[in-house]
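Chains as they are written, first to last, in this note's numbering: chain A, 104 to 722; chain B, 104 to 722.
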């Protein structure tokens with residue numbers, strides 16, 4: 104084992120001192136922020152950036168570049184200071200921290216070219232780092248991913264979801280560094296400075312783990328170099344640190360979380376820190392050696408299914424087939440599953456392209472954040488599970504939205520139409536959840552053709568997209584060449600005498616079509632709209648249909664009455680003087696046969712016919 | 104250590120055999136369900152119910168009764184079979200499993216008197232069990248809580264959140280039993296039959312852990328008896344089992360998850376199982392010895408703050424004070440925090456009533472499920488965190504909704520008005536999320552008086568309630584004796600000449616009031632509604648206001664444009680021909696000063712004035 108020369112140690116210590124000074128300056132200038140959380144991590148960050156990492160400052164998002172994820176996002180000042188040391192940020196800009204005109208936000212977001220995923224909601228960085236590492240492996244590079252975690256955030260279960268999967272998949276290019284400063288926001292952490300306890304937990308989850316003094320630069324450098332060399336398992340470096348290290352008036356003291364130092368205290372701290380400088384130039388940036396391989400269209404190891412436009416199909420099954428077809432032409436498509444691949448039909452993608460499939464087991468939070476990491480390597484991840492279980496990752500989806508991450512989520516088994524499994528397995532709030540993600544696209548196909556189109560639209564769209572699929576088989580609606588667009592809708596039944604427009608999507612489109620026919624046989628003509636693009640929604644076409652049919656719409660959705668399709672329609676036309684009636688699920692459903700449940704909860708064909716007759720005053 | 108007599112072992116083995124037979128019968132009759140997951144757990148469940156537990160079948164929800172939580176909710180048939188053995192369910196009813204008319208749903212819900220929390224979304228049972236155990240401790244009983252987990256669900260991070268907190272809080276009446284059958288839904292689990300690996304994980308999280316053969320009744324009984332005697336730490340029993348044990352044609356085989364046996368296979372399996380019966384009567388039910396103590400109004404250990412109706416206040420701070428006042432008179436109120444108690448002001452409750460405060464650290468999923476467990480012991484838990492971080496527990500909240508759990512959640516730091524911390528800390532989708540929970544109440548106060556009222560209303564309401572609070576200080580609006588009601592609203596400014604009604608809540612009420620005054624000085628009269636009860640919402644009063652002011656409403660909300668206050672108003676009046684205009688946040692916000700952000704994102708006083716002038720055609 105080679106000895107690290109004193110000169111390099113001093114040089115890195117100087118970098119750490121600069122990081123502390125810059126963190127203090129920036130937060131005191133802003134009047135808020137987290138100088139003490141930055142100070143505890145400064146030595147670790149200095150060594151990661153200027154001894155451990157191999158990266159291209161001009162191409163930080165290349166799969167060949169090592170990545171750094173600041174999972175403890177509140178320590179943003181030390182991150183920005185490090186990139187100022189690299190030269191990517193101007194040092195003068197650091198004091199614009201948290202200004203409305205600056206991209207140096209309170210917590211890091213990918214508005215900055217060197218931030219892969221937004222952090223600031225704790226416990227998500229290790230999962231994102233795992234995704235980045237898997238992405239680098241798919242790109243054929245040996246790039247490392249360094250994730251700096253706070254100790255407090257290891258209370259988040261998602262950290263252990265990531266830990267379990269990283270070890271299981273032997274992702275040995277993933278290096279976690281835990282900054283054990285023993286203090287959370289409002290008090291001491293559960294484990295305090297018991298670094299051995301953290302070490303045991305990581306080891307029990309299949310990692311190699313090292314404990315060090317996080318302020319002893321020689322130990323920090325040694326641990327990171329060992330971690331780089333490790334093979335066969337990911338490595339955790341558990342570093343004992345002091346919150347506010349180097350700021351003597353606050354170091355190790357409670358009640359200094361998230362508080363900027365007053366100007367006079369900041370000046371005293373900076374003067375003291377400057378005294379510690381060795382005045383050694385910082386080490387050079389180390390560039391990556393390898394290059395990433397070009398992605399090529401993969402060979403499917405299973406039959407690529409042909410789209411059959413005429414057959415009845417469950418849209419969940421159509422999703423699986425569509426994904427296989429997509430994967431045959433787009434090498435950037437990857438798929439992730441949460442141990443329900445035989446229900447979502449992601450198993451077909453897994454069979455066709457095993458190397459581009461990630462089995463995430465029953466850990467939806469990690470699965471979604473892994474997908475954000477994969478997306479940050481230029482891949483197009485499709486995450487699928489039961490729609491209700493995707494809500495497990497609501498905060499990860501929220502953060503993916505803030506990251507403008509290019510992930511696609513498919514939620515199957517939507518609504519009461521799943522039947523006997525009961526309410527715990529029914530997604531009845533997923534449209535509300537996904538519609539409220541900024542810039543999201545929400546698609547809800549009704550047959551095999553529209554499902555195939557929606558999968559293609561989602562893949563081609565840059566940004567977060569959600570697809571909702573149905574458990575039961577439903578009839579074919581569209582011909583194979585029917586065109587679909589994000590923001591579009593289809594008028595699937597219309598006549599000059601239509602007296603009302605019914606707006607449905609997915610399973611309720613089929614119920615509406617059945618109601619249409621029954622009403623028609625009674626001499627009542629209604630228009631039927633398939634609102635497959637729930638967000639964005641085609642307000643103009645909805646308005647036109649309403650105006651052509653008495654100024655009224657009736658929405659029907661297999662979703663609770665709040666925030667779903669009906670709300671989307673209302674939000675689109677609510678300022679235009681159109682009347683919108685709504686059928687939706689309005690109580691906690693029970694187990695039962697799907698068709699019985701559709702009627703009992705007022706969204707089946709019979710309920711629709713009754714409602715239409717009531718609205719039109721036809722007895 | 105006493106030897107367990109052969110007769111008892113044989114008796115328990117017979118119970119297990121009956122549980123298997125009943126599980127097969129019920130699922131085959133239903134045509135769906137999980138016989139193999141039931142069969143792997145049958146020996147464990149038999150010993151838990153008829154040797155380990157002390158409970159009153161007539162009062163299963165008494166804090167004196169030991170509780171059983173089936174975290175692997177899909178094994179519902181074995182749970183129902185066990186309660187049939189107890190005598191609480193008629194055996195004949197078991198074959199109505201999953202019928203629309205039966206409370207024996209696909210996954211357990213509290214429609215059944217012996218189910219404390221709905222399960223079926225995996226990884227939540229240990230947290231609920233922890234809450235039940237803490238609740239029993241508060242009630243002064245020594246009741247145990249037995250939680251049966253599947254092995255696959257230990258991939259869910261929330262399991263490790265619960266494990267960490269249970270050990271940290273030394274909840275030694277909590278006993279986890281892990282049914283390690285090595286098979287998930289769609290394939291093998293990560294750890295297979297490596298029971299030692301599970302044991303190491305629990306030990307590293309501070310538990311005592313035992314490994315056993317889960318089909319050797321003598322080992323099962325011995326482990327459970329040891330677990331009952333344990334002191335100082337919770338105990339995990341890691342049981343090696345076979346999925347489908349006792350059903351020879353499927354035992355240990357993949358692709359039998361969630362599938363009922365065909366009738367002929369079921370008959371063969373039942374005949375074979377019947378051959379194994381010793382025909383020994385089942386052991387008697389063991390009753391609890393102790394009683395729970397009456398809850399008495401607690402003595403506050405800190406000053407109970409007086410409500411000041413005149414001062415400007417941050418509603419988050421008013422929440423903390425209101426909770427302390429509530430706690431002084433209601434001994435059933437408990438509070439939970441996720442390491443932000445100094446920001447949500449839950450710290451004031453912690454200081455006043457330390458024994459009724461649970462510090463949940465940075466683990467929101469566990470915190471919410473612990474609250475459901477506390478509620479199932481008759482307590483009234485108030486859970487608080489930043490509103491955006493409550494979305495981390497969206498699935499737990501969803502399940503709490505299905506459970507009709509009596510939990511209260513308070514989300515602070517809502518919207519862009521938090522300012523410099525940036526988008527990761529801003530809740531802008533929480534109203535959409537919480538409105539879509541069935542039977543939920545959503546309240547959004549605007550000053551100290553309304554916050555106090557909302558806290559009282561939430562506590563008095565039986566069911567899930569969400570309160571949204573604001574970071575910044577805002578002016579007083581109401582006098583101390585102003586009455587509030589769930590489902591109410593306040594017309595806070597009105598005149599005969601009002602030309603438009605503005606509907607606001609929380610922070611935007613103050614912006615609307617400022618806009619009102621500026622408009623008034625320009626001769627434009629507008630009506631202002633404080634829509635503090637977002638759900639249920641007062642549709643009648645909204646309609647009346649709209650009709651009095653030109654048939655139009657303008658909603659203003661510090662929330663994304665989807666699913667929030669504007670959607671709630673639209674859903675209420677959308678079928679009445681009223682026009683609803685909406686101001687909301689329509690892009691991903693940045694860090695910045697709060698007032699700058701309110702204007703930049705179009706919901707500040709200036710933006711409101713501009714919009715009103717535009718709508719009224721006043722230049």
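Where a beta carbon is used, it is the ideal one built from N, C-alpha and C, also for glycine.
All values reported here derive from a predicted model rather than from experimental measurement.
Check: Check for me: the alpha helix (DSSP H) holding residue 621 of chain A runs from which residue to which?; Outcome: 610 to 624
Check: Could you tell me which residues DSSP pairs with residue 340 of chain A in its beta bridges?; Outcome: A/280, A/313
Check: With a threshold of 6 Å on Cβ separation, who are the neighbours of residue 305 of chain A within its own chain once the five nearest residues in sequence on each side are excluded?; Outcome: 312, 339
Check: Spatial neighbours of residue 685 of chain A within its chain, please: CB distance less than 6 Å, with the 5 preceding and 5 following residues excluded, ordered by chain position.; Outcome: 658, 669
Check: Report yes if the CB atom of residue 219 of chain A is closer than 8 Å to the CB atom of residue 157 of chain A, and no otherwise.; Outcome: no
Check: Assuming the contact rule is C-beta atoms closer than 8 Å, residue 719 of chain A and residue 603 of chain A should be a hit. Round their C-beta distance to whole Å, please.; Outcome: 6 Å
Check: Among the residues of its own chain, which have a CB less than 8 Å from the CB of residue 627 of chain A, if the five just before and after it don't count?; Outcome: 602, 715, 716, 719, 721
Check: Determine whether the beta carbon atoms of residue 581 of chain A and residue 558 of chain A lie at a separation below 8 Å.; Outcome: no
Check: If you compare alpha carbons, which of B/630, B/598, B/567, B/704 is closest to residue 605 of chain B?; Outcome: B/630
Check: Using a Cβ cut-off of 7 Å, pull out every chain A residue sitting near residue 225 of chain B, in sequence order please.; Outcome: 465
Check: Can you list, in chain order, the stretches of the alpha helix (DSSP H) that have 4 or more residues and sit fully within the segment 526 to 575 of chain B?; Outcome: 533 to 538, 551 to 563
Check: If distances are taken between C-alpha atoms only, which option among A/690, A/457, A/168, A/484 comes closest to residue 394 of chain A?; Outcome: A/168
Check: Can you tell me whether residue 193 of chain B is helix, strand or coil according to DSSP?; Outcome: coil
Check: Let me check understanding here. Comparing Cα to Cα, which of B/681, B/325, B/662, B/515 lies closest to residue 706 of chain B?; Outcome: B/662
Check: Can you list the residues of chain A that residue 263 of chain B reaches, using a CB-CB cut of under 8 Å?; Outcome: 260, 263
Check: Just curious, the alpha helix (DSSP H) that residue 153 of chain B is in, first and last residue?; Outcome: Segment: none, residue 153 of chain B is in no alpha helix (DSSP H) and carries neither H nor E.
Check: Which chain A residues sit within Cβ distance under 7 Å of residue 663 of chain B?; Outcome: 539, 541
Check: Taking buried to mean at least 16 other C-beta atoms within 10 Å of its own C-beta, is residue 390 of chain B buried or exposed?; Outcome: exposed
Check: Is the segment 634 to 651 of chain A touching the segment 589 to 596 of chain A, taking contact as three or more C-beta pairs under 8 Å?; Outcome: yes
Check: Please return the same chain residues whose Cβ sits closer than 6 Å to the Cβ of residue 420 of chain B, not counting the five positions on each side in sequence.; Outcome: 448
Check: On the DSSP letters alone, give me the boundaries of the beta strand (DSSP E) that residue 728 of chain B sits inside.; Outcome: Absent from the model: residue 728 of chain B. The displayed extent of chain B is 104 to 722, so no value can be given.
Check: Would you verify that the beta carbon of residue 526 of chain B is, or is not, closer than 8 Å to some beta carbon of chain A?; Outcome: yes
Check: Taking Cβ-Cβ distances shorter than 8 Å, what residues in chain A pair up with residue 491 of chain B?; Outcome: 224, 498, 501
Check: By a C-beta neighbour count over all protein chains shown, 10 Å radius and 16 as the cutoff for buried, is residue 210 of chain B buried or exposed?; Outcome: buried
Check: Would you say residue 555 of chain A lies against chain B (beta-carbon separation less than 8 Å)?; Outcome: no
Check: Quick one: which residues of the segment 663 to 686 of chain B get their C-beta closer than 8 Å to a C-beta of chain A? List them in chain order.; Outcome: 663, 664, 665, 666, 667, 669, 670, 671, 673, 674, 677, 678, 679, 680, 682, 683, 684, 685
Check: Classify residue 593 of chain B as helix, strand or coil using the three-state DSSP reduction.; Outcome: strand
Check: Less than 8 Å between CB atoms is the rule here; does residue 308 of chain B satisfy it with respect to chain A?; Outcome: yes
Check: What's the C-alpha gap between residue 453 of chain B and residue 222 of chain A?; Outcome: 29 Å
Check: In chain A, what lies closer than 8 Å to residue 532 of chain B by C-beta?; Outcome: 501, 536, 539, 540
Check: Got a sec: is the Cβ-Cβ distance from residue 221 of chain A to anything in chain B below 8 Å?; Outcome: yes
Check: Given a cut-off of 8 Å on the beta-carbon distance, is the pair residue 527 of chain B and residue 176 of chain A in contact?; Outcome: yes
Check: Pull up the CB-CB distance for residue 675 of chain A and residue 640 of chain A, whole angstroms please, since I reckon it's below 8 Å.; Outcome: 5 Å
Check: Excluding the 5 residues preceding and the 5 following residue 529 of chain B in the sequence, name in chain order all residues of the same chain whose CB lies nearer than 8 Å to its CB.; Outcome: 491, 516, 517, 518, 519, 521, 692
Check: Between A/255, A/273, A/444, A/653, which has its C-alpha nearest residue 290 of chain B's C-alpha?; Outcome: A/444
Check: How about residue 436 of chain B and residue 429 of chain B: do their beta carbons lie closer than 8 Å?; Outcome: yes
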